[in-house]
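Residue numbers (my numbering): -16 to 397. The beta carbon of each residue, even a glycine, is placed where N, CA and C say it ideally should be. None of the values given here were measured: they were computed from a predicted structure. Below is one structure, written out as C-alpha coordinates; comments come after it.
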(Lines of atoms letter the chains of each structure in order from A and count residues from 1; the text may use other names and numbers.)
(Lines give C-alpha, C1' and ligand atoms only; values in the text may rest on other atoms or scores of the structure.)
Protein backbone atom coordinates (compact mmCIF):
# COMPACT_ATOMS: atom_id res chain seq x y z
CA UNK A 1 0.00 0.00 0.00
CA UNK A 2 2.85 2.38 0.87
CA UNK A 3 4.63 1.55 -2.41
CA UNK A 4 1.46 2.29 -4.36
CA UNK A 5 1.04 5.64 -2.59
CA UNK A 6 4.70 6.46 -3.30
CA UNK A 7 4.36 5.69 -7.03
CA UNK A 8 1.13 7.70 -7.30
CA UNK A 9 2.80 10.68 -5.66
CA UNK A 10 5.71 10.47 -8.13
CA UNK A 11 3.34 10.35 -11.09
CA UNK A 12 1.61 13.53 -9.99
CA UNK A 13 4.90 15.28 -9.32
CA UNK A 14 5.92 14.39 -12.88
CA UNK A 15 2.58 15.81 -14.08
CA UNK A 16 3.34 19.13 -12.40
CA UNK A 17 6.81 19.12 -13.99
CA UNK A 18 5.29 18.47 -17.43
CA UNK A 19 2.83 21.35 -16.98
CA UNK A 20 5.72 23.70 -16.37
CA UNK A 21 7.76 22.23 -19.24
CA UNK A 22 4.92 22.49 -21.75
CA UNK A 23 4.23 26.05 -20.72
CA UNK A 24 7.90 27.01 -21.24
CA UNK A 25 8.04 25.26 -24.63
CA UNK A 26 4.90 27.01 -25.80
CA UNK A 27 6.46 30.38 -24.99
CA UNK A 28 10.03 29.77 -26.26
CA UNK A 29 9.23 27.93 -29.50
CA UNK A 30 6.75 29.25 -32.03
CA UNK A 31 3.89 26.78 -32.39
CA UNK A 32 0.84 26.60 -34.62
CA UNK A 33 -2.53 27.49 -33.14
CA UNK A 34 -3.79 23.86 -33.00
CA UNK A 35 -0.61 22.81 -31.25
CA UNK A 36 -1.00 25.61 -28.73
CA UNK A 37 -4.60 24.58 -28.04
CA UNK A 38 -3.50 20.96 -27.63
CA UNK A 39 -0.77 21.97 -25.21
CA UNK A 40 -3.26 24.14 -23.31
CA UNK A 41 -5.71 21.25 -23.00
CA UNK A 42 -2.93 18.93 -21.83
CA UNK A 43 -1.81 21.55 -19.28
CA UNK A 44 -5.40 21.93 -17.99
CA UNK A 45 -5.87 18.16 -17.70
CA UNK A 46 -2.56 17.73 -15.95
CA UNK A 47 -3.40 20.61 -13.63
CA UNK A 48 -6.81 19.15 -12.77
CA UNK A 49 -5.22 15.74 -12.19
CA UNK A 50 -2.65 17.27 -9.85
CA UNK A 51 -5.36 19.23 -8.01
CA UNK A 52 -7.51 16.10 -7.67
CA UNK A 53 -4.54 14.15 -6.35
CA UNK A 54 -3.77 16.90 -3.84
CA UNK A 55 -7.36 17.02 -2.56
CA UNK A 56 -7.67 13.24 -2.31
CA UNK A 57 -4.38 13.06 -0.41
CA UNK A 58 -5.59 15.70 2.04
CA UNK A 59 -8.88 13.84 2.52
CA UNK A 60 -7.07 10.55 3.04
CA UNK A 61 -4.76 12.00 5.64
CA UNK A 62 -7.72 13.75 7.29
CA UNK A 63 -9.58 10.43 7.55
CA UNK A 64 -6.48 8.69 8.89
CA UNK A 65 -6.00 11.48 11.42
CA UNK A 66 -9.63 11.22 12.52
CA UNK A 67 -9.21 7.46 12.99
CA UNK A 68 -6.05 7.97 15.03
CA UNK A 69 -7.82 10.55 17.19
CA UNK A 70 -10.83 8.26 17.57
CA UNK A 71 -8.63 5.32 18.61
CA UNK A 72 -6.74 7.56 21.01
CA UNK A 73 -9.94 8.89 22.58
CA UNK A 74 -11.28 5.34 22.90
CA UNK A 75 -8.06 4.19 24.58
CA UNK A 76 -8.19 7.14 27.00
CA UNK A 77 -11.85 6.39 27.75
CA UNK A 78 -11.05 2.74 28.45
CA UNK A 79 -8.13 3.66 30.71
CA UNK A 80 -10.28 6.13 32.67
CA UNK A 81 -13.11 3.60 32.88
CA UNK A 82 -10.80 0.90 34.23
CA UNK A 83 -9.22 3.32 36.68
CA UNK A 84 -12.62 4.39 38.00
CA UNK A 85 -13.86 0.80 38.09
CA UNK A 86 -10.78 -0.41 39.99
CA UNK A 87 -11.02 2.54 42.36
CA UNK A 88 -14.63 1.73 43.25
CA UNK A 89 -13.91 -1.98 43.76
CA UNK A 90 -10.99 -1.11 46.00
CA UNK A 91 -13.25 0.80 48.38
CA UNK A 92 -14.47 -0.39 51.76
CA UNK A 93 -17.55 -2.22 50.49
CA UNK A 94 -19.17 -5.39 51.71
CA UNK A 95 -19.91 -8.10 49.16
CA UNK A 96 -23.50 -7.03 48.48
CA UNK A 97 -22.49 -3.40 47.98
CA UNK A 98 -19.66 -4.50 45.70
CA UNK A 99 -21.96 -6.53 43.44
CA UNK A 100 -24.35 -3.58 43.19
CA UNK A 101 -21.45 -1.26 42.34
CA UNK A 102 -20.15 -3.56 39.59
CA UNK A 103 -23.50 -3.63 37.81
CA UNK A 104 -24.07 0.12 38.21
CA UNK A 105 -20.54 1.07 37.11
CA UNK A 106 -20.83 -0.97 33.90
CA UNK A 107 -23.92 1.09 33.05
CA UNK A 108 -21.69 4.16 32.90
CA UNK A 109 -19.32 2.56 30.38
CA UNK A 110 -21.83 0.53 28.43
CA UNK A 111 -25.41 1.71 28.11
CA UNK A 112 -27.15 -1.65 28.53
CA UNK A 113 -30.91 -2.12 28.74
CA UNK A 114 -30.55 -5.12 31.05
CA UNK A 115 -27.79 -6.53 33.24
CA UNK A 116 -27.59 -9.41 35.70
CA UNK A 117 -24.70 -10.76 37.76
CA UNK A 118 -24.85 -14.46 38.66
CA UNK A 119 -22.86 -16.72 40.95
CA UNK A 120 -22.00 -20.13 39.54
CA UNK A 121 -22.57 -23.23 41.66
CA UNK A 122 -20.28 -25.82 40.11
CA UNK A 123 -21.69 -29.03 41.56
CA UNK A 124 -25.23 -28.79 40.13
CA UNK A 125 -23.95 -26.40 37.38
CA UNK A 126 -26.48 -23.73 38.31
CA UNK A 127 -26.41 -19.95 37.95
CA UNK A 128 -27.75 -18.00 40.94
CA UNK A 129 -28.78 -14.37 40.22
CA UNK A 130 -27.39 -11.85 42.72
CA UNK A 131 -27.97 -8.38 41.25
CA UNK A 132 -30.29 -7.51 38.37
CA UNK A 133 -31.13 -4.39 36.36
CA UNK A 134 -33.79 -4.31 33.66
CA UNK A 135 -34.76 -7.97 33.86
CA UNK A 136 -37.76 -9.34 35.70
CA UNK A 137 -36.57 -9.19 39.29
CA UNK A 138 -35.18 -12.60 40.25
CA UNK A 139 -34.81 -13.80 43.79
CA UNK A 140 -31.76 -15.59 45.13
CA UNK A 141 -33.90 -18.74 45.25
CA UNK A 142 -33.97 -18.77 41.43
CA UNK A 143 -31.55 -21.23 39.88
CA UNK A 144 -30.84 -21.56 36.18
CA UNK A 145 -28.95 -24.51 34.74
CA UNK A 146 -26.00 -23.28 32.68
CA UNK A 147 -26.75 -26.08 30.22
CA UNK A 148 -30.04 -24.44 29.22
CA UNK A 149 -28.27 -21.17 28.35
CA UNK A 150 -27.27 -20.53 24.71
CA UNK A 151 -23.52 -21.10 24.48
CA UNK A 152 -23.38 -22.61 27.96
CA UNK A 153 -20.55 -25.00 27.09
CA UNK A 154 -18.44 -22.08 25.82
CA UNK A 155 -19.08 -20.12 29.00
CA UNK A 156 -17.90 -23.02 31.15
CA UNK A 157 -14.61 -22.98 29.24
CA UNK A 158 -14.20 -19.24 29.80
CA UNK A 159 -15.26 -17.91 26.39
CA UNK A 160 -17.56 -14.91 26.03
CA UNK A 161 -20.69 -15.35 23.93
CA UNK A 162 -22.31 -12.67 21.75
CA UNK A 163 -25.88 -13.15 20.53
CA UNK A 164 -27.06 -10.41 18.18
CA UNK A 165 -30.48 -11.80 17.36
CA UNK A 166 -31.66 -14.54 19.66
CA UNK A 167 -34.80 -15.17 17.59
CA UNK A 168 -32.75 -16.04 14.51
CA UNK A 169 -29.62 -17.47 16.13
CA UNK A 170 -31.35 -19.78 18.63
CA UNK A 171 -34.89 -20.58 17.39
CA UNK A 172 -35.08 -23.78 19.44
CA UNK A 173 -34.25 -21.86 22.60
CA UNK A 174 -36.85 -19.21 21.82
CA UNK A 175 -39.57 -21.82 21.35
CA UNK A 176 -38.96 -23.63 24.63
CA UNK A 177 -40.51 -22.64 27.92
CA UNK A 178 -37.53 -22.83 30.25
CA UNK A 179 -37.16 -20.62 33.31
CA UNK A 180 -34.16 -18.88 31.78
CA UNK A 181 -36.01 -18.17 28.53
CA UNK A 182 -38.78 -16.47 30.49
CA UNK A 183 -36.18 -14.56 32.50
CA UNK A 184 -34.62 -13.07 29.33
CA UNK A 185 -37.93 -11.47 28.37
CA UNK A 186 -38.08 -9.33 25.22
CA UNK A 187 -34.36 -8.58 24.79
CA UNK A 188 -32.79 -9.38 21.39
CA UNK A 189 -29.01 -8.92 21.79
CA UNK A 190 -26.89 -10.38 24.58
CA UNK A 191 -23.32 -10.59 25.79
CA UNK A 192 -22.50 -13.40 28.22
CA UNK A 193 -19.24 -12.67 30.07
CA UNK A 194 -17.82 -15.53 32.16
CA UNK A 195 -16.26 -14.53 35.48
CA UNK A 196 -13.13 -16.66 35.71
CA UNK A 197 -10.55 -17.08 38.49
CA UNK A 198 -7.64 -19.48 37.95
CA UNK A 199 -9.41 -20.90 34.88
CA UNK A 200 -12.44 -21.72 37.01
CA UNK A 201 -15.91 -20.29 36.40
CA UNK A 202 -17.21 -18.48 39.50
CA UNK A 203 -20.00 -16.42 37.95
CA UNK A 204 -21.52 -14.79 34.91
CA UNK A 205 -22.18 -11.22 33.82
CA UNK A 206 -25.08 -10.85 31.38
CA UNK A 207 -25.66 -7.67 29.35
CA UNK A 208 -28.70 -7.20 27.11
CA UNK A 209 -30.18 -4.75 24.59
CA UNK A 210 -33.65 -4.59 23.08
CA UNK A 211 -32.28 -3.87 19.59
CA UNK A 212 -30.83 -6.60 17.39
CA UNK A 213 -27.18 -6.58 16.23
CA UNK A 214 -26.22 -4.35 19.16
CA UNK A 215 -22.82 -5.93 19.86
CA UNK A 216 -19.58 -6.38 17.95
CA UNK A 217 -16.35 -8.20 18.76
CA UNK A 218 -14.60 -4.89 19.43
CA UNK A 219 -17.04 -4.23 22.28
CA UNK A 220 -15.63 -7.24 24.11
CA UNK A 221 -12.18 -5.80 24.82
CA UNK A 222 -13.16 -3.43 27.62
CA UNK A 223 -15.96 -5.70 28.87
CA UNK A 224 -13.63 -8.69 29.18
CA UNK A 225 -11.09 -6.64 31.14
CA UNK A 226 -13.84 -5.42 33.46
CA UNK A 227 -15.19 -8.97 33.86
CA UNK A 228 -11.72 -10.26 34.72
CA UNK A 229 -11.17 -7.53 37.31
CA UNK A 230 -14.65 -8.04 38.76
CA UNK A 231 -14.17 -11.82 39.05
CA UNK A 232 -10.94 -11.50 41.00
CA UNK A 233 -12.36 -8.85 43.32
CA UNK A 234 -15.56 -10.82 43.96
CA UNK A 235 -13.62 -13.99 44.74
CA UNK A 236 -11.30 -12.20 47.17
CA UNK A 237 -14.22 -10.49 48.92
CA UNK A 238 -16.15 -13.77 49.19
CA UNK A 239 -13.16 -15.53 50.73
CA UNK A 240 -12.65 -12.68 53.17
CA UNK A 241 -16.30 -12.58 54.23
CA UNK A 242 -16.41 -16.37 54.58
CA UNK A 243 -13.35 -16.27 56.82
CA UNK A 244 -14.79 -13.38 58.82
CA UNK A 245 -18.16 -15.13 59.17
CA UNK A 246 -16.42 -18.29 60.40
CA UNK A 247 -14.48 -16.23 62.95
CA UNK A 248 -17.56 -14.60 64.50
CA UNK A 249 -20.12 -17.42 64.42
CA UNK A 250 -20.69 -20.62 66.33
CA UNK A 251 -19.95 -23.65 64.18
CA UNK A 252 -22.89 -25.72 65.43
CA UNK A 253 -25.79 -23.26 65.61
CA UNK A 254 -24.67 -20.64 63.08
CA UNK A 255 -25.42 -17.76 65.46
CA UNK A 256 -22.76 -15.37 66.79
CA UNK A 257 -20.11 -16.71 69.14
CA UNK A 258 -19.06 -15.43 72.56
CA UNK A 259 -16.09 -13.43 71.23
CA UNK A 260 -18.25 -11.43 68.84
CA UNK A 261 -20.93 -10.99 71.52
CA UNK A 262 -18.43 -9.42 73.93
CA UNK A 263 -17.08 -7.09 71.25
CA UNK A 264 -20.57 -5.93 70.31
CA UNK A 265 -21.70 -5.59 73.91
CA UNK A 266 -18.75 -3.32 74.66
CA UNK A 267 -19.48 -1.15 71.61
CA UNK A 268 -23.19 -0.92 72.35
CA UNK A 269 -22.62 -0.09 76.02
CA UNK A 270 -20.23 2.72 75.05
CA UNK A 271 -22.92 4.13 72.74
CA UNK A 272 -25.58 3.75 75.42
CA UNK A 273 -23.35 5.52 77.93
CA UNK A 274 -22.65 8.38 75.52
CA UNK A 275 -26.21 8.90 74.27
CA UNK A 276 -28.10 7.96 77.42
CA UNK A 277 -30.23 4.98 76.41
CA UNK A 278 -30.77 1.62 78.10
CA UNK A 279 -29.52 -1.82 77.08
CA UNK A 280 -30.85 -5.06 78.51
CA UNK A 281 -29.14 -8.42 78.50
CA UNK A 282 -30.87 -11.82 78.65
CA UNK A 283 -28.83 -14.87 79.63
CA UNK A 284 -30.56 -18.16 78.75
CA UNK A 285 -29.73 -21.68 79.94
CA UNK A 286 -31.37 -24.96 78.86
CA UNK A 287 -32.67 -26.72 81.96
CA UNK A 288 -31.17 -30.13 82.86
CA UNK A 289 -29.25 -30.22 79.57
CA UNK A 290 -26.48 -32.49 80.90
CA UNK A 291 -29.06 -35.05 81.94
CA UNK A 292 -30.76 -34.66 78.55
CA UNK A 293 -27.45 -35.36 76.79
CA UNK A 294 -26.76 -38.38 78.97
CA UNK A 295 -30.24 -39.76 78.25
CA UNK A 296 -30.58 -39.13 74.51
CA UNK A 297 -26.99 -38.72 73.34
CA UNK A 298 -24.94 -35.81 72.04
CA UNK A 299 -26.35 -35.92 68.50
CA UNK A 300 -29.84 -35.29 69.85
CA UNK A 301 -28.34 -32.69 72.19
CA UNK A 302 -26.80 -30.88 69.22
CA UNK A 303 -30.17 -30.84 67.48
CA UNK A 304 -31.71 -29.31 70.61
CA UNK A 305 -29.07 -26.56 70.65
CA UNK A 306 -29.75 -25.75 67.00
CA UNK A 307 -33.52 -25.61 67.44
CA UNK A 308 -33.38 -23.58 70.65
CA UNK A 309 -31.09 -21.04 68.97
CA UNK A 310 -33.53 -20.76 66.06
CA UNK A 311 -36.51 -20.26 68.38
CA UNK A 312 -34.65 -17.48 70.21
CA UNK A 313 -33.87 -15.75 66.91
CA UNK A 314 -37.51 -15.99 65.85
CA UNK A 315 -38.64 -14.38 69.11
CA UNK A 316 -36.53 -11.20 68.83
CA UNK A 317 -36.10 -8.36 66.34
CA UNK A 318 -33.38 -8.22 63.72
CA UNK A 319 -31.57 -5.44 65.60
CA UNK A 320 -31.25 -7.70 68.67
CA UNK A 321 -28.06 -9.75 68.79
CA UNK A 322 -28.35 -13.47 69.62
CA UNK A 323 -25.20 -15.43 70.47
CA UNK A 324 -24.14 -18.74 71.93
CA UNK A 325 -22.47 -17.93 75.22
CA UNK A 326 -21.05 -21.39 75.82
CA UNK A 327 -22.30 -24.97 76.27
CA UNK A 328 -26.07 -24.81 76.61
CA UNK A 329 -26.14 -21.06 77.34
CA UNK A 330 -27.32 -18.32 74.98
CA UNK A 331 -27.36 -14.55 75.30
CA UNK A 332 -29.42 -11.76 73.75
CA UNK A 333 -28.49 -8.06 73.58
CA UNK A 334 -31.55 -5.80 73.53
CA UNK A 335 -30.65 -2.20 72.56
CA UNK A 336 -32.88 0.63 73.78
CA UNK A 337 -34.82 -1.79 76.02
CA UNK A 338 -35.62 -1.39 79.71
CA UNK A 339 -36.08 -4.19 82.24
CA UNK A 340 -39.87 -4.45 81.89
CA UNK A 341 -39.66 -4.76 78.11
CA UNK A 342 -36.84 -7.30 78.46
CA UNK A 343 -39.00 -9.41 80.78
CA UNK A 344 -41.77 -9.49 78.17
CA UNK A 345 -39.31 -10.62 75.50
CA UNK A 346 -37.78 -13.15 77.88
CA UNK A 347 -41.19 -14.58 78.72
CA UNK A 348 -41.96 -14.89 75.01
CA UNK A 349 -38.74 -16.87 74.51
CA UNK A 350 -39.42 -19.07 77.54
CA UNK A 351 -43.00 -19.95 76.63
CA UNK A 352 -42.20 -20.54 72.94
CA UNK A 353 -39.39 -22.96 73.79
CA UNK A 354 -41.58 -24.73 76.35
CA UNK A 355 -44.22 -25.38 73.67
CA UNK A 356 -41.73 -26.25 70.93
CA UNK A 357 -41.62 -29.92 69.92
CA UNK A 358 -38.25 -31.31 68.82
CA UNK A 359 -38.77 -34.15 66.36
CA UNK A 360 -36.23 -36.82 65.47
CA UNK A 361 -36.61 -40.16 63.74
CA UNK A 362 -35.97 -41.91 67.05
CA UNK A 363 -37.79 -39.51 69.39
CA UNK A 364 -40.75 -37.77 67.70
CA UNK A 365 -41.81 -35.42 70.53
CA UNK A 366 -38.96 -34.17 72.71
CA UNK A 367 -39.28 -30.97 74.73
CA UNK A 368 -37.00 -28.79 76.83
CA UNK A 369 -37.41 -25.72 79.03
CA UNK A 370 -35.10 -22.78 79.68
CA UNK A 371 -34.29 -20.44 82.55
CA UNK A 372 -33.57 -16.78 81.86
CA UNK A 373 -31.74 -14.04 83.77
CA UNK A 374 -31.98 -10.33 82.93
CA UNK A 375 -29.81 -7.29 83.64
CA UNK A 376 -30.20 -3.71 82.37
CA UNK A 377 -27.72 -0.90 81.77
CA UNK A 378 -27.44 1.53 83.51
CA UNK A 379 -30.10 0.58 86.08
CA UNK A 380 -28.19 -2.35 87.58
CA UNK A 381 -24.62 -1.08 87.10
CA UNK A 382 -22.65 0.30 90.06
CA UNK A 383 -19.18 0.60 88.52
CA UNK A 384 -19.18 2.14 85.02
CA UNK A 385 -15.55 1.19 84.49
CA UNK A 386 -16.56 -2.47 84.71
CA UNK A 387 -19.91 -2.10 82.95
CA UNK A 388 -19.37 -4.97 80.46
CA UNK A 389 -18.27 -7.54 83.03
CA UNK A 390 -20.74 -6.30 85.63
CA UNK A 391 -23.75 -6.45 83.28
CA UNK A 392 -22.89 -10.07 82.37
CA UNK A 393 -22.34 -10.98 86.04
CA UNK A 394 -25.67 -9.47 87.08
CA UNK A 395 -27.52 -11.31 84.30
CA UNK A 396 -25.75 -14.49 85.43
CA UNK A 397 -26.89 -13.87 89.02
CA UNK A 398 -30.47 -13.47 87.77
CA UNK A 399 -30.13 -16.72 85.84
CA UNK A 400 -28.83 -18.46 88.97
CA UNK A 401 -31.88 -17.13 90.83
CA UNK A 402 -34.22 -18.52 88.13
CA UNK A 403 -32.62 -21.96 88.40
CA UNK A 404 -32.77 -21.99 92.19
CA UNK A 405 -36.41 -20.90 92.08
CA UNK A 406 -37.52 -23.96 90.13
CA UNK A 407 -36.26 -23.31 86.58
CA UNK A 408 -38.38 -22.57 83.50
CA UNK A 409 -38.82 -18.94 84.51
CA UNK A 410 -37.53 -15.39 83.94
CA UNK A 411 -35.81 -13.54 86.79
CA UNK A 412 -34.48 -10.00 87.25
CA UNK A 413 -31.96 -8.68 89.82
CA UNK A 414 -33.29 -8.58 93.39
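- Message: Strictly by DSSP, which residues pair up with residue 179?
- Response: 184
- Message: Mapping the DSSP letters down to three states, classify residue 358 as helix, strand or coil.
- Response: strand
- Item | residue 210 versus residue 142: straight-line alpha-carbon distance, rounded | Between the alpha carbons of residue 210 and residue 142 lies a gap of roughly 12 Å.
- For residue 281, does the count of other Cβ atoms within 10 angstroms reach 16, so buried, or fall short, so exposed? Counting the other Cβ atoms within 10 Å of the Cβ of residue 281 gives fewer than 16, which makes it exposed.
- Message: Relative to the C-alpha of residue 361, which candidate in 95, 111, 253 has its C-alpha closest?
- Response: Residue 253 is the option with its Cα nearest to residue 361.
- Message: Residues in the same chain with beta-carbon distance under 7 Å from residue 139, minus the five sequence neighbours each way, listed in chain order, please.
- Response: 129, 184
- Query: Hey, which unbroken runs of the alpha helix (DSSP H) at 4 residues or more fall wholly within the segment 98 to 153?
  - Reply: 135 to 139, 149 to 152
- From the DSSP output, in three-state form, read off residue 45 for me. helix
- Flag this pair as yes or no: are the beta carbons of residue 190 and residue 174 separated by less than 7 Å? yes
- Through-space distance from residue 158 to residue 131, alpha-carbon basis: 13 Å
- Query: Would a C-beta distance cut-off of 7 Å place residue 263 and residue 205 closer than the cut-off?
  - Reply: In this structure, residue 263 sits away from residue 205, with a CB-CB distance that is not shorter than 7 Å.
- Query: Between which two residues does the alpha helix (DSSP H) carrying residue 203 extend?
  - Reply: 203 to 231
- Query: Name the DSSP bridge partner or partners of residue 394?
  - Reply: 356
- Locate the beta strand (DSSP E) running through residue 385, then write down its first and last residues. Here residue 385 belongs to no beta strand (DSSP E); instead the alpha helix (DSSP H) covers 370 to 387.
- Task: To the nearest angstrom, report how far apart residue 291 and residue 177 are at their CA atoms.
- Result: 42 Å
- Task: Would you check whether the ligand MN has a heavy atom nearer than 6 Å to the C-beta of residue 110?
- Result: For the ligand MN, the structure offers nothing, since it holds no ligand at all.
- Message: Tell me the residue span of the beta strand (DSSP E) that contains residue 309.
- Response: 304 to 309
- Between which two residues does the alpha helix (DSSP H) containing residue 83 stretch? Residue 83 -> alpha helix (DSSP H) spans 78 to 92.
- Query: What's the gap between the Cα of residue 387 and the Cα of residue 378?
  - Reply: Roughly 14 Å separates the two Cα atoms.
- Tell me, which residues are paired with residue 190 by DSSP? 98, 174
- Since residue 347 sits in a beta bridge, which residues does DSSP pair it with? None, per the DSSP bridge assignment.
- Going along the chain, which residues of its own chain have a beta-carbon closer than 8 Å to the beta-carbon of residue 335, five neighbours each way excluded? 294, 297, 298
- Message: With three or more C-beta pairs closer than 8 Å as the rule, is the segment 345 to 354 touching the segment 208 to 225?
- Response: no
- Message: Taking a contact to mean a Cβ-Cβ separation below 7 Å, would you say residue 399 touches residue 384 in this structure?
- Response: Limits of the chain in this structure are -16 at one end and 397 at the other, which puts residue 399 out of reach.
- With a cut-off of 8 Å on the beta carbons, I'd call residue 354 and residue 391 a contact; round off their distance for me. Indeed, because the Cβ distance is near 6 Å, the residues count as touching under 8 Å.
- How is residue 239 classed by DSSP in three states: helix, strand or coil? strand
- Which residue's Cα is closest to the Cα of residue 420: 167, 319, 351, 35? Beyond the ends of the chain as shown, which are -16 and 397, falls residue 420; an answer cannot be given.
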